[in-house]
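Taking our numbering, I'd label the letters of the sequence shown as residues 948 to 1513.
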Amino acid sequence: MINDIKTEIKNKIKEYFDNKYDNNFEIIIEEPKKQLLGDIAIPTFGIVKILRKPPFEIANEIKEVLKDTDLSISKIDVVGGYVNIFVDRTKLAKEILVEALTKNSEYGTNNIGEGKMITMDYSSPNIAKSFSIGHLRSTMIGNSLKLILGKCGYKTYTINYLGDWGTQFGKMIVAYEKWGDLDAIKKDPINELTKLYVRFHNEAESHPEYEELAREAFKKIEDREPKYLKLWEWIREESLKESKEIYEILKVNFDSYRGESFYNDKMDAVVDELEQKGLLKLDSGAQIVDLGDDMPPALIKRSDGGSLYITRDLAAIFYRKKVTNFDKILYVVGNEQKLHFEQLKALVKKMGYDFYDDIIHVNFGLYLTNGKKVSTRSGNVTRLKDVLDKAISMAYDQINEKNPDLSNKIEIATSVGIASIVFADLKNYRGLDIEFDLDQATKFEGQTGPYLQYTGVRIASIIKDSKIDLDNIDYSLFEKENYFELVKLVGDFKDVIIGAAKEYAPSVIARYLLDLASSFNKFYASEKINSEDEIIRNTNYALAKSVRIVLNEGLRLLGIKYLEKM
Ligand code: ARG
């Protein structure tokens, strides 16, 4: 909201200067951290040289321009070279509260994405391997971005590009044929298959020839030998169940599950096109495309004819462009694939398509525990599902202690447990590696998901079902610092969402919600919300309700459930 005022001020000043001088220059508008000197400040030092006037003269000129406008401004001071502006808090508070309380969960909804289509590739686990923590990150970030973009009016099409093709299936088949027990697998497919996969890796250490067997087995799948193709299909189906279990818990779903195998018959056309366009080069038996001095060439076809990850992605992107006609395509994938996506972009460009700039690698960092990378590969790390279960049971214990009479404790503990894990991830800027600490993440205080849920619940328990009367609010209370600070934050919600959408960064919303919650809790500690005075109480309730609306909707955008009780 305050941003809208800033934009309007900027436009007014720009219009004035554009008419008067023909210089083109940027006006800087700041929001000082300390509100003593004003809510908005315009320093003029940067334009002194251009206008050849002393700063205070320019500042006074600006003051004149802004004086008689219909902007929500209550006072303008010129101090040195600064124009200090005090917004009309009463008017602003009213705008914000009325909008938040009437729009409710629609508050913050905007249309910056109207008419635009964003195709998203996320989660994308390599099935027949355990669902890794990296894929969990991709799932949570992707899911949140889908919700955020939807809130901004974008249409989205979400793809789980399953890693359902590759030597891991060969390994699985070798392991199955050597040690598999069909009955056991049928009973508990995910666990048994995981065990087989781990066993393969352990035994292959002393039997390097198993790797060769695995390659051969996979070759048989690629050659479509019916028996092997069937085994592949079966393993694919069963492995997918593990991922689906996690999606079920997190309430995540996709528009498409077309994985790597879907593109088996679509790569030749791409290779032909590269050939026709004269881009393919033979390099010791392999087919490559040179991508200039800035990056290594892309390996399109192996010397043994085997297909490659990048070739598949190339086939996939053309297919997706055709089918979804995206304005942008997002790949939510770890930092370690940075080069891969740079190459993908460069290839599309080289092939003469102009949509290469619409390819966005939404990268993210690693999960660390005690500074070391977490990996599920070796099998000695607990399964993700177990981590989720553990978080849920830790949440249960706390709820049980705080509120033993709650009726649906398990359901609530599930939401709180998931909130712990999801929030511990999303509060960090995605590009960074993050240290994961389950004890910390499940706490009801501190920068956690449960803390935000708890703040929402606290507000609900204050307001209960009291009716809030929007015509009975004392807006002059918002002249006070603590009232104004809080309502101003509520007013920032839309801009925060837009900021998150532009940076593809859910953390922008997560950090904002932490600020909002702590600002509310400060307010709660300093004001008697349940005032005896009816108007003050109604005003406080309206403000608290607006905070709750934002918390609820903000949490929803992160993929976290808000609660009525906990
Ligand atoms: N399955 C891949 C991996 O785990 C991620 C796929 C990402 N998406 C893509 N279109 N390349 O490394």
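For glycine and all other residues, C-beta sits at the position ideal for the given N, C-alpha and C. Since the model is a prediction, treat every value here as computed from it, not as a measurement.
One alpha carbon belongs to Leu-1013, the other to Lys-1441, and they sit about 25 angstroms apart.
Under the DSSP definition of a beta bridge, Asp-1230 partners with Ala-1233. Going by DSSP, Asp-1130 is part of the alpha helix (DSSP H) stretching over 1129–1134. Burial state of His-1308 is buried, judged by a 10 Å Cβ sphere holding 16 or more other Cβ atoms.
Ala-1366 is not a Cβ neighbour of Phe-1383, given a cutoff of 8 angstroms. For the pair Glu-962 and Asp-969, the Cα-to-Cα distance works out to about 11 angstroms.
Between the segment 1280–1291 and the segment 1237–1255, the count of C-beta pairs closer than 8 angstroms reaches three or more; the two stretches touch. By alpha-carbon distance to Lys-1228, the top candidate from Val-1497, Ala-1216 and Ile-1247 is Ile-1247.
In the DSSP assignment, the residues bridged to Glu-1382 are Leu-1315. Taken from the Cβ of Asn-1073, at least one heavy atom of the ligand ARG lies inside 7 angstroms. Secondary structure at Met-1341: helix, using DSSP grouped into helix, strand and coil. At a cut-off of 7 angstroms, the beta-carbon of Ala-1233 does not count as near the ligand ARG: no heavy atom of the ligand is closer than that. When Ser-1454, Ile-1410 and Asn-1468 are compared, the shortest CA-CA separation from Leu-1092 is found for Ser-1454.
Within the segment 1078–1145, complete beta strand (DSSP E) segments of at least 3 residues are found at 1102–1106, given in chain order. Taken atom to atom, the span from the alpha-carbon of Ser-1250 to that of Asp-1230 is near 9 angstroms. In this structure Thr-1141 is not in contact with Phe-1201, their Cβ atoms being roughly 23 angstroms apart against a cut-off of 8 angstroms.
Leu-1246: member of the beta strand (DSSP E) spanning 1245–1248, first to last residue. By alpha-carbon distance to Ser-1070, the top candidate from Val-1494, Pro-1001 and Tyr-1278 is Tyr-1278. For Ile-975 and Ser-1019, the gap between their C-alpha atoms comes out near 19 angstroms. Counting along the chain, Phe-1033 sits inside the beta strand (DSSP E) bounded by residues 1029–1034.
Residue side-chain check: Val-1236 keeps its Cβ at 7 angstroms or more from all non-hydrogen atoms of the ligand ARG.
Taking the Cα of Ile-1483 as reference, the smallest distance to any Cα among Val-1494, Tyr-1430 and Phe-1273 is reached at Tyr-1430.
One alpha carbon belongs to Val-1443, the other to Glu-1500, and they sit about 12 angstroms apart. When the alpha-carbon of Phe-1265 is set against those of Leu-1498, Val-1295 and Asp-1421, the nearest one is in Val-1295.
8 angstroms or more divides the Cβ of Leu-1143 from the Cβ of Ser-1493.
Looking at the backbone, the Cα of Pro-1002 and that of Ile-1445 are separated by about 34 angstroms. Excluding the 5 residues flanking it on each side, Tyr-1054 has same chain C-beta neighbours closer than 6 angstroms at Ala-1047 and Ile-1496, in chain order. Contact annotation: the segment 1412–1431 touches the segment 1027–1043, with at least three C-beta pairs closer than 8 angstroms. Going by beta carbons, Ile-1306 and Ile-1346 fall outside the 8 angstroms limit.
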